[in-house]
Structures are given as C-alpha cells and as structure tokens.
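Just below is one structure, and these are the notes that go with it.
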Amino acid sequence: MACRKITSANCSMFSSTFRLNSKTRLAGYRTDKTMRLKKLLTAGLLAVAFVGGAQAGPVRAADPASFTDFFFDEGYPAQLSTDAVGDPYIEFRYNDITMPLWFYDCSDHAACQSVQFYFAYQLDEPLSLEKLNEWNGEDRRFTRAYVIDDGTLRLEMDVFTGEDGLSARDFKSLLSLWLDRLTEFEDFIGW
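Using numbering that gives the first Met the number 0, the first residue of the sequence shown is number 0, and each one after it goes up by one.
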C-alpha cells in the first residue's frame with residue numbers, strides 16, 4: 000500500500016496493535032515471526048542499492064518533513080506526528096516492522112537539532128549487566144543498549160543533524176548502519 004499522507008481514513012498500516020507476550024518487541028511488531036529480520040534487511044538493502052532515483056535534499060531535524068520525504072523516496076512509508084511532550088515524532092515502516100524516529104534538542108517543539116533511532120524489547124529473562132557491557136564495549140560506538148527499571152531492553156542510536164542537516168546519501172548510510180546494528184543486536188540477544 001502506498002500512502003503519502005497517512006490518515007485513519009486512507010491508510011491503516013499504523014493502526015495495528017500488538018500483543019504483549021513472553022517475547023515482545025515494544026517499539027514495533029512483526030507480522031510474520033518465521034522470517035528472520037536479517038534476511039529481510041539484506042534483501043531490502045540490496046534492492047535499495049540497485050534502485051536509482053532523484054537525489055533527495057538534505058535531512059534536517061529542524062525540518063521533520065525532510066525525514067518523511069527521505070523515507071518515502073527510499074520506499075519506506077512514514078507518518079509524522081508529535082510525541083507526548085509535543086516534539087516531532089516519525090514512525091516509518093521497514094518491511095513488516097514499524098520503527099520510531101524521535102526528535103531531540105528542540106526549542107519550543109521546533110528547530111530540533113538531532114534525531115534518535117530507537118527500539119525496545121521485553122525478554123523472558125533479563126539480560127545481564129555483563130552481557131550489556133559486552134555489547135556496548137565492542138566496536139559499536141554509534142549504538143548503545145541498556146535496561147530500564149521495568150526490565151525493558153533498549154537499543155538507541157543518536158544522529159546530530161545541526162542547522163545544515165545531512166545529505167540524503169549520508170543519512171542513508173546511517174540508516175543502513177542502524178538496520179545492521181539492529182540485526183546484530185537481535186542475534187546477540189537471541190531474539
């Protein structure tokens with residue numbers, strides 16, 4: 000389904016709810032649990048690598064629509080809204096997964112300077128501090144993993160865009176890095 004502007008009337012891809020079970024991805028969901036994310040990521044990245052198109056303009060956290068335009072240009076449906084505190088927030092679809100993109104360093108809910116890729120997991124057994132340190136101590140300096148009080152495991156990657164933003168090409172590289180790290184992390188935790 001191709002939706003440029005997503006509303007409940009014309010596109011229901013973001014209206015699905017997900018059930019919490021013993022192994023739940025809190026910030027997204029998978030409709031076909033038998034397929035491995037790694038295979039989907041590899042296929043998607045290869046497809047994107049061979050598809051040509053117009054070069055998009057820069058992405059800037061100060062211009063959230065530049066990110067939705069980027070995601071649509073790359074073939075990922077996206078929806079721009081606001082988070083609980085009024086800052087911009089984007090959900091984009093990558094294969095069968097809905098992923099959030101949070102905006103930070105905003106002035107009065109605008110003129111943001113950075114974004115954050117984020118994903119959360121609820122595991123049957125909590126991940127040990129040693130295991131988290133192992134992940135964070137490896138050569139993965141752009142991502143970090145941690146556990147919050149309720150046991151939710153989080154993986155994050157911050158991206159500073161500043162005033163001038165990043166080229167679409169550079170942001171595409173960062174998105175690929177995020178998707179690679181997400182796959183590595185899921186393998187690391189045995190997801």
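Even for Gly, the Cβ is constructed at its ideal location relative to N, Cα and C.
Query: A167, DSSP secondary structure in three states; Result: helix
Query: Closest residue to E162 among D186, S113, W101, D72 (Cα-Cα distance); Result: S113
Query: For A144, the first and last residue of its enclosing beta strand (DSSP E); Result: 143-146
Query: Residue(s) in a DSSP beta bridge with R153; Result: A119, Y145
Query: Other residues of its chain near D157: CB distance less than 7 Å, five sequence neighbours each side excluded; Result: S113, Q115
Query: Secondary structure of A61, DSSP reduced to three states; Result: coil
Query: Start and end residues, beta strand (DSSP E) containing L79; Result: 77-81
Query: When A167, C105, Q121 are compared against G85, the one with the closest alpha-carbon; Result: C105
Query: Nearest-angstrom Cα separation, counted from N132 out to T182; Result: 18 Å
Query: Residues of its chain near T145, where Cβ-Cβ distance is below 7 Å and the 5 sequence neighbours each way are ignored; Result: The sequence shown places Tyr at residue 145, rather than the Thr named in the question. So the list reads L131, R153, once near-sequence residues are dropped.
Query: heavy atom of the ligand ADP below 6 Å from S65 C-beta; Result: The model on display carries no ligand, and the ligand ADP is accordingly not part of it.
Query: Proximity below 7 Å, CB of F71 to CB of V58; Result: no
Query: Burial state of E90, where buried means 16 or more other Cβ atoms lie within 10 Å; Result: buried
Query: Element boundaries [alpha helix (DSSP H), containing L100]; Result: Premise fails: L100 lies in the beta strand (DSSP E), 96-103, not in any alpha helix (DSSP H).
Query: Rounded distance between the beta-carbons of R180 and T142, thought under 8 Å; Result: 5 Å
Query: Beta-carbon proximity list for F66, same chain, < 6 Å, skipping 5 on both sides; Result: V58, I89
Query: E194, DSSP secondary structure in three states; Result: Because the chain here runs from 0 to 190, residue 194 falls outside it and cannot be looked at.
Query: Neighbourhood of D82 by C-beta, 6 Å cutoff - its chain only, sequence neighbours within 5 removed; Result: Y88
Query: C-beta atoms of F102 and A60 nearer than 7 Å; Result: yes
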